[in-house]
Amino acid sequence: MTPHDAPSAPPGAPGPSRSAAPAPAVMRWLAQARFETATILRHGEQLLVALVLPTLALLALALTDVPDLGPGRRVDVATAGVLALAVVSTAFTGQAIATGFDRRHGVLRFLGATPLGREGLLAGKLGGVALVVALQLVVLGGIAAVLGWRPDVAGLLPALVTVALGAAAFLALALLLAGTVRAEGVLALANLAWVLLLGLGVLLPTDRLPEGLATLARLLPSGALGDGLRLSLVSGGWPLTQWLVLLAWAGAAGAATARWFRWSD
203 MTPHDAPSAP
213 PGAPGPSRSA
223 APAPAVMRWL
233 AQARFETATI
243 LRHGEQLLVA
253 LVLPTLALLA
263 LALTDVPDLG
273 PGRRVDVATA
283 GVLALAVVST
293 AFTGQAIATG
303 FDRRHGVLRF
313 LGATPLGREG
323 LLAGKLGGVA
333 LVVALQLVVL
343 GGIAAVLGWR
353 PDVAGLLPAL
363 VTVALGAAAF
373 LALALLLAGT
383 VRAEGVLALA
393 NLAWVLLLGL
403 GVLLPTDRLP
413 EGLATLARLL
423 PSGALGDGLR
433 LSLVSGGWPL
443 TQWLVLLAWA
453 GAAGAATARW
463 FRWSD
């Protein structure tokens, strides 16, 4: 037998090992969504922004009489604003910071070259945001119910549509920021934007703002999300105008992200 000869395998013996085929795309996306969700819930800073701060804001607004939130039961108006805050915290602030540092550390470039692919990574982030936002709605809604919150039943469906459109718009903005600015800049800008948006329609209704500022706030995704949830949950209305604003922001930010997003520094 020469060095290059090899004994034949006995009948029925397994052949040479082969690398396993990648899982179906949907399974890879679902696995990434579970990973993104677990990362958010295990990360202390993101959990603080996603649940702790909105809970404190809800208690402060519902149990005090400042600032003026306008007509309607105070706890109802406050809860709608806090739910908007939860969406902004998870879809924008948390995702912008996490994605920005993943990009700096090379995680995005690595995952983009795996069978998950770039589309799977984005789908996983969207799924993770959806799961965490659903958890926020349950937890914050339960706390608000204890405080006396009674949403208009007719407004529950349009409120869910508003949440979905708001999450899409703010996630697109988060990815645009994270993919074009260095990680340290993303950290500063995302936190600054979170603070500024509180008074631009998220917690404070736009009709409580000075006229010029109110007009600007209504054109921002923050004002559209906050006013849309208040219109649905407090008055039972369908916020069609606010949906158009959120769709415009989601489309514009999504197109800009596709054009300028950088997968590595």
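Each residue of the sequence shown is one higher than the last, beginning at 203 in my numbering. Cβ coordinates follow ideal geometry from the N, Cα and C atoms, glycine included. Given the structure is predicted, the values throughout are model-derived calculations rather than measurements.
**Report entry** Inter-residue spacing [alpha-carbon to alpha-carbon] between residue 453 and residue 379
**Finding:** In the sequence shown, the residue the question calls residue 453 occupies position 251. In the sequence shown, the residue the question calls residue 379 occupies position 177. About 15 Å.
**Report entry** Local conformation of residue 445 per DSSP, three classes
**Finding:** For the purposes of this step, residue 445 is taken as residue 243 along the sequence shown, with counting starting at 1. Three-state DSSP puts residue 445 in a helix.
Query raised in the report: Cα-Cα, which of 294, 331 and 227 is closest to residue 391?
Result: As a working note, residue 391 is residue 189 in the sequence shown. Residue 391 has its Cα closest to that of 294, out of 294, 331 and 227.
Query raised in the report: To the nearest angstrom, how far is it from the Cα of residue 446 to the Cα of residue 463?
Result: In the sequence shown, the residue the question calls residue 446 occupies position 244. In the sequence shown, the residue the question calls residue 463 occupies position 261. Roughly 25 Å between the two C-alpha positions.
Requested in this report: Would you please verify whether the beta carbon of residue 276 is less than 8 Å from any beta carbon of chain C?
Outcome: Among the chains of the structure shown, chain C does not appear; only one protein chain is present.
Requested in this report: Taking all protein chains shown into account, decide if residue 466 is buried (16 or more other Cβ within 10 angstroms of its Cβ) or exposed.
Outcome: For this step, residue 466 is matched to residue 264 along the sequence shown. The residue is exposed, with fewer than 16 neighbouring Cβ atoms inside 10 Å.
Requested in this report: Give me the Cα-Cα distance between residue 451 and residue 278, rounded to the nearest whole angstrom.
Outcome: Looking up residue 451 in the sequence shown gives position 249. Looking up residue 278 in the sequence shown gives position 76. Straight through space, the alpha carbons of residue 278 and residue 451 are spaced by roughly 27 Å.
Requested in this report: Go through its chain and collect everything with a Cβ distance to residue 304's Cβ below 7 Å, but skip five positions before and after it.
Outcome: Within the sequence shown, residue 304 is the residue found at index 102, counting from 1. Same-chain partners within the cutoff: 310.
**Report entry** Option nearest residue 386 by Cα separation, candidates 300, 266 and 260
**Finding:** One-based indexing of the sequence shown puts residue 386 at position 184. For residue 386, the nearest C-alpha among the options comes from 300.
Query - Cutoff 6 Å; reference residue 439; Cβ partners in own chain excluding five residues on either side - result: Position 237 of the sequence shown, counted from the start, is the residue given in the question as residue 439. 433, listed in sequence order.
Query raised in the report: Just curious, the alpha helix (DSSP H) that residue 317 is in, first and last residue?
Result: Numbered from 1 along the sequence shown, position 115 holds the residue referred to as residue 317. Neither: residue 317 is in no alpha helix (DSSP H) and is coded neither H nor E.
Query raised in the report: According to the neighbour-count rule (16 or more other Cβ atoms, all chains shown, within 10 Å of its Cβ), is residue 330 buried or exposed?
Result: The residue given as residue 330 occupies position 128 in the sequence shown. It counts as buried.
Query raised in the report: CA-CA distance, residue 371 and residue 423?
Result: In the sequence shown, the residue the question calls residue 371 occupies position 169. In the sequence shown, the residue the question calls residue 423 occupies position 221. About 7 Å.
Report task. Let me know the secondary structure DSSP gives residue 263 once reduced to three states. Result -> Position 61 of the sequence shown, counted from the start, is the residue given in the question as residue 263. For residue 263, the three-state secondary structure derived from DSSP is helix.
Requested in this report: Starting from residue 231, trace the alpha helix (DSSP H) both ways and give me its first and last residue.
Outcome: Start at 1 with the first residue of the sequence shown, and residue 231 comes out as number 29. Run containing residue 231: 227-244, per the alpha helix (DSSP H) assignment.
Requested in this report: Grab me the residues of residue 337's own chain with a C-beta within less than 6 Å of its C-beta, minus the 5 sequence neighbours each way, in chain order.
Outcome: Walking along the sequence shown from the start, residue 337 turns up at place 135. Excluding sequence neighbours, residue 337 sits near nothing in its chain.
Query raised in the report: residue 258: buried (16+ other C-beta within 10 angstroms of its C-beta) or exposed?
Result: For this step, residue 258 is matched to residue 56 along the sequence shown. Under this definition residue 258 is an exposed residue.
Requested in this report: Could you tell me whether the Cβ atoms of residue 227 and residue 350 are closer together than 8 Å?
Outcome: As a working note, residue 227 is residue 25 in the sequence shown. As a working note, residue 350 is residue 148 in the sequence shown. Going by C-beta atoms, residue 227 is not nearer than 8 Å to residue 350.
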